[in-house]
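Note that my numbering has the sequence shown beginning at 402, numbered continuously upward.
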Amino acid sequence: RKWIHRFNRWGPSSIIESPKAGKKKKFDIHVKKKIIEIVKKSPRKMGLLFSYWTLYGIKNYLEKNKIVPKISHETIRRILREANINLKKLRKVFSAEIE
């Protein structure tokens, strides 16, 4: 019924261009790419005092360097999962670089 009224009032474009449901995305593709670039680099090479990335370490680095104003570790986990990045597998790569 809602769609019929919308069509009658504003025409077919109102159905095609209807507002999307749900919460809007907080981070765009550029921020996600920047996070992925950072995670692929060794923390030691970036001048940090730890050898491996953790979700909280990434969170602190991003907020401290003002890449994002605020981000949760769960959001970082989701971004890494979308990019098929496993932090445990990266540890092996980083430990090979250290030796």
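The C-beta atom is built at its ideal place from N, Cα and C for all residues, glycine as well.
Arg-478 vs Leu-449 beta-carbon contact at 7 Å: no
Contacts around Arg-492, its chain only, beta-carbon distance under 7 Å, and the 5 residues preceding and following it disregarded: Tyr-453
Whole-angstrom C-beta distance between Ile-468 and Lys-435, which should lie under 8 Å: 6 Å
C-beta atoms of Glu-498 and Ser-443 nearer than 7 Å: yes
Whole-angstrom distance between Val-494 and Glu-418, CA atom to CA atom: 47 Å
Coil, strand or helix - Asn-487 by DSSP: coil
Whether Lys-433 touches Ile-480 by CB criterion (7 Å): yes
Reduced DSSP category for Ile-468 - H, G, I as helix; E, B as strand; rest coil: coil
Where Phe-428 falls: helix, strand or coil (DSSP): coil
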